[in-house]
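Trainee: Below you'll find the structure I mean.
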Amino acid sequence: APDIPVIDQAYSKLSNSITVEWRAVPGATNYMLTAQDGDSFVETTVKNSPGTVTGLKPATLYRVTVRSITSGGKSQPSPCRKVKTVLAAPILSVRSLSCDSIAVSWKAVPMAAGFSVSLMRSDGLGRMLKQNTTNTSLVFSSLDPGALYTIRAYAWNAHGMPGDDFTYNQRTSPDAPVDVKVAFNSDALRAVVSWVPTEGALTYSVTVSSGLLKLRCNTSSASCMVPSLQCGSEYSVSVTAYNDAGSSEPTDAVSLKTIPCAPVNISIEEDEPGHLLVSWSSVSLGHYYVVFVKSDDGLEMHCNTSNTQCHFQSDCGFTYFISVFAYNKAGQSPLGDVFNYTTAPCCPGDFRAAFISSDTVRVTWAAVRGADLYETRAAGGSGVVLCRDTATACTLSALQCSSPYNITVYSFSEARGRNTSCEPRYVTTAPCSPEIKNISKEGLSVIRVQWQPNNEEATYVVTARGEAGLWHCTSTRNSCTLMDLPCGSAFSVSAIARSPAGQSFPSYSIPLETAPCCPNDLTLTQVTQSVTNISWSVGRGAQTYVTALESPKGQAKCHTLQTYCLLGCITCGTNYTVSLRAISETGLTSSCTYQGYASSACCPSGVKLYRLSNNGIRVFWRASDETMNYKADLHGSKGNFSCTPSLGLSHCDITKIPCGDVYTVVIAPVTDKGPKLTFSSSFCPKKIYSGT
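So in UniProt numbering, the last spot in the sequence shown is 692, and the numbers never skip.
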């Protein structure tokens, strides 16, 4: 067996092991180390000295021996050495209380009289801090934020022998980031928060809060994008740094005001024609507002105000597209609803009203922008007359004559309805037709026409129309006189009323017939002593005639359809008045008077003939009138002879009558005036005389 080794020294540097040093034994290939604690022991084989027995219990007294080993076997154990293992290392619990402090705690170590804890930056910067304590915890302060520290701790016993040490790396929590900046993107409603990185920070958390709403963004870089922000909100932005030791204090809050929300409750109205009023509700964080108004012809206007309403000039018949934006330092609000407002269509222009008749007017106008339909409204008279059409003309009928009307043409659109600001046009309808009440004869060729005046400020024109032509009379009252109407003519008499508004319909026509004309020529021819023939020219309009010869001695009358008449019972030597009445077929009569007529003088009576000696003859008669002269005519084949007595005598002599002939003797009166007409002496009776 090999020699027994001799232990030079045995000691414990670790709580679970004892190191043994011995002198080498020649020929020994291995050595067996044994550490015994009561009935338990631990063996280990090593090649040479020194050797270490592990797996021991801390702070325990062991009997340590060494045996050498050769191919021949093992030696006897060396003399034992008693060695006590050192104290176990304290198991540390380390945490960073803040960015500049670290708290270290541990459980009590058996047999420990005190503890030694040291701390130093792992990068070697700075100085080492060391504290001895009998407690089981301590705090290192005034450390660098976010720095990695190495902490070494061990316990010692009552003899001051240090035990195992325990090393722990702990980083302090980071300091709060600085120079926090917020860049707001108004278009995307998001913000980019940036800061200066802080030492030892591994990650960062950005908190964006507004009331109960909290948004977070985590990153390992020095900036972070926070999406989905709300318009019209004010946020508090803070950044917290994190590492494996914990978190920093949040940074001081940075205020972030987002863009205002789009204005709501937008109302558009025309407070008066040509003026648009746009109003809206105020929005949170809105400092001022801009209203954009674009018309459908491309013209754009805008209004910048800090109030909640704007006024714009507008034109009729246009559609305006209106949007309202709110602004603050962050930018412009999102686009809200775009409203379109169509103004009332324009009032029709070039308005013209032309009367077709007294109760019908045709209204025309020029087409206007924005109008889909037109309504023509005539108010007056006994009511309202309406006409609706898409055309630019309308005919209003059944109006009341001689009445004022307010005619208004309204334009309509589907979007806005009727333009109520259109001005009316005042017109008066043409006069009403007059009604002829009476036609009376005022005189020869003079007719008075009366009518019922049913218009104000009207001039009435009466017209007599016939084959003979036209005759007129005019009056502003209720009658007028037609002068110089031709006789024997038929007329149709009507009346119209005229005013600046126009002319009425003609009244109903009244037939008018003038009295027949008196014949221009009238001739009387005495046929016999007691019979006279009267003839005349045709009297226009006359159908029958009544002629009469009148004297104190009597009357002769004749009624005939012809233009002549024989009147009997004429008294000789009498002056007659001559009259003629022309009668139309309707009974109208014209009384015509002519120059008087004297019938032939009366023939003498008692005519006697006495032969004279000198081939002569004396003629005697009895005068019918003492003042009348007479003439005796003797007619024969051998000659005609006559004699005229002196005034007052009733006989005369005719001498030198040829013999041997038969003569006719007539005694006829002679007047110095002569008859109106030529009378034959044959009216008087004849006597026959036979010469010798």
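By construction, the Cβ of each residue, glycine as well, lies at the ideal position given by its N, Cα and C atoms.
Excluding the five sequence neighbours on either side, which residues of its own chain have a C-beta within less than 8 Å of the C-beta of D653, listed in chain order?
Mentor: Excluding positions up to five away in sequence, the list reads L612, G616, I617, R618, V619, C643.
Trainee: Please classify F318: does DSSP put it in a helix, a strand, or coil?
Mentor: DSSP places F318 in coil when its eight states are reduced to three.
Trainee: Which residues share a DSSP beta bridge with C387?
Mentor: The partner list for C387 (beta bridge, DSSP) reads T376.
Trainee: Rounded to a whole number of angstroms, what is the C-alpha to C-alpha distance between I496 and Y508?
Mentor: If you take the alpha carbons of I496 and Y508, they lie about 10 Å apart.
Trainee: At the level of alpha carbons, what is the spacing between E85 and W22?
Mentor: In the sequence as displayed, the identity of residue 85 is Thr instead of Glu. Those two C-alpha atoms are separated by around 19 Å.
Trainee: Drop a sphere of 10 angstroms on the beta-carbon of G483, count the other beta-carbons inside from all chains shown, and report buried for 16 or more, exposed for fewer.
Mentor: According to the sequence as given, residue 483 is Met; it is not Gly. Under this definition M483 is an exposed residue.
Trainee: Quick check on DSSP: helix, strand or coil for I688?
Mentor: Of the three classes helix, strand and coil, the one that applies to I688 here is strand, per DSSP.
Trainee: Rounded to whole angstroms, how far is the Cβ of P250 from the Cβ of T207, which I believe are closer than 8 Å?
Mentor: Correct: roughly 7 Å between the Cβ atoms.
Trainee: Taking 7 Å as the limit between beta carbons, can you name the residues of its chain near V226, skipping five residues before and five after?
Mentor: R190, A191, V193, V206, V208, L215, C217, listed in sequence order.
Trainee: What's the C-alpha gap between S75 and V104?
Mentor: Approximately 50 Å, taken between the alpha carbons.
Trainee: Using 10 angstroms around the beta-carbon of S605, count the other beta-carbons present and answer buried if the total reaches 16, otherwise exposed.
Mentor: Answer is exposed; the Cβ neighbour count stays below 16.
Trainee: Considering only DSSP beta bridges, list what D165 is partnered with.
Mentor: Partner(s): Y154.
Trainee: Determine whether the beta carbon atoms of C303 and C261 lie at a separation below 8 Å.
Mentor: Against a cut-off of 8 Å, the Cβ pair of C261 and C303 comes out as no contact.
Trainee: Quick one: any contact between the stretch 309-329 and the stretch 275-284, if contact means 3 or more CB pairs under 8 Å?
Mentor: Taking 8 Å as the limit for Cβ pairs, the verdict is that the stretch 275-284 does touch the stretch 309-329.
Trainee: May I ask which residues mark the beginning and end of the beta strand (DSSP E) holding M128?
Mentor: Neither: M128 is in no beta strand (DSSP E) and is coded neither H nor E.
Trainee: Going by DSSP, what residues sit across from Y410 in a beta bridge?
Mentor: DSSP output for Y410 lists E375 as bridge partner(s).
Trainee: Can you tell me where the beta strand (DSSP E) holding V281 begins and where it ends?
Mentor: Residue 281 is actually Ser in this sequence, not Val. Looking at the DSSP string, S281 is not in any beta strand (DSSP E), and its letter there is neither H nor E.
Trainee: State the DSSP-derived secondary structure class of F505, mapped to helix, strand or coil.
Mentor: Residue state, collapsed to three classes: coil.
Trainee: How long is the line joining the alpha carbons of L56 and T150, rounded to whole angstroms?
Mentor: Cα to Cα, L56 sits roughly 27 Å from T150.
Trainee: Cβ atoms of G73 and A1: under 8 Å apart, would you say?
Mentor: For A1 and G73, yes; Cβs fall inside 8 Å.
Trainee: So, is the C-beta of Q452 closer than 8 Å to a C-beta in chain C?
Mentor: Structure shown: chain C not included; a single protein chain is present.
Trainee: Give the straight-line distance between the Cα atoms of H559 and C480, rounded to the nearest whole angstrom.
Mentor: Roughly 37 Å between the two C-alpha positions.
Trainee: Count the CB pairs spanning the stretch 588-596 and the stretch 626-635 that are closer than 8 Å, and state whether there are at least three.
Mentor: The stretch 588-596, when compared against the stretch 626-635, does not touch it at the 8 Å Cβ threshold.
Trainee: So is L396 buried or exposed if we call it buried at 16+ other beta carbons inside 10 Å?
Mentor: With 16 or more Cβ atoms within 10 Å of its Cβ, L396 is classed as buried.
Trainee: Are there 16 or more other CB atoms within 10 angstroms of the CB of G674, so buried, or fewer, so exposed?
Mentor: Note on G674: pLDDT 42, under 50, position unreliable in the model; the coordinate value appears next. Classification of G674: exposed, given that the 10 Å Cβ count is below 16.
Trainee: How about C569 and A548: do their beta carbons lie closer than 8 Å?
Mentor: For C569 and A548, no; Cβs fall outside 8 Å.
Trainee: For the structure I just gave you, are there three or more beta carbon pairs, one from the stretch 356-372 and one from the stretch 405-415, closer than 8 Å?
Mentor: Cβ pair count under 8 Å is three or more, so yes.
Trainee: Looking at the strands, I want to know which residues DSSP matches up with F41.
Mentor: Beta-bridge pairing links F41 to Q36.
Trainee: Using only the alpha-carbon positions, how far apart do L677 and T563 sit?
Mentor: In this prediction, L677 has a pLDDT of 31, which is less than 50 and means its spatial position is unreliable; what the coordinates show is noted afterwards. Taking the straight line from one Cα to the other gives about 19 Å.
Trainee: From the DSSP output, which residues share a beta bridge with L396?
Mentor: V361.
Trainee: Please report how far the alpha carbon of N406 lies from the alpha carbon of P273, in whole angstroms.
Mentor: Cα to Cα, N406 sits roughly 21 Å from P273.
Trainee: What does the Cβ neighbour count give for F683, buried or exposed, with the cut at 16 atoms within 10 Å?
Mentor: Buried, by the Cβ-count rule.
Trainee: Excluding five sequence neighbours on each side, which residues of the same chain lie with their C-beta closer than 6 Å to the C-beta of A241?
Mentor: Within the same chain, A241 has close Cβ partners P174, P177, T198, A201, Y204, S248.
Trainee: Counting Cβ pairs, one atom from each stretch, are 3 or more of them under 8 Å apart for the stretch 487-496 and the stretch 462-472?
Mentor: Short answer: they touch.
Trainee: I need the straight-line Cα distance from S411 to V182, nearest angstrom please.
Mentor: Their backbone Cα atoms lie some 57 Å apart in a straight line.
Trainee: Which same chain residues end up closer than 6 Å to E300 when comparing Cβ atoms and leaving out the 5 residues on each side of it in sequence?
Mentor: Excluding residues within five positions, the ones whose Cβ falls inside 6 Å are K294.
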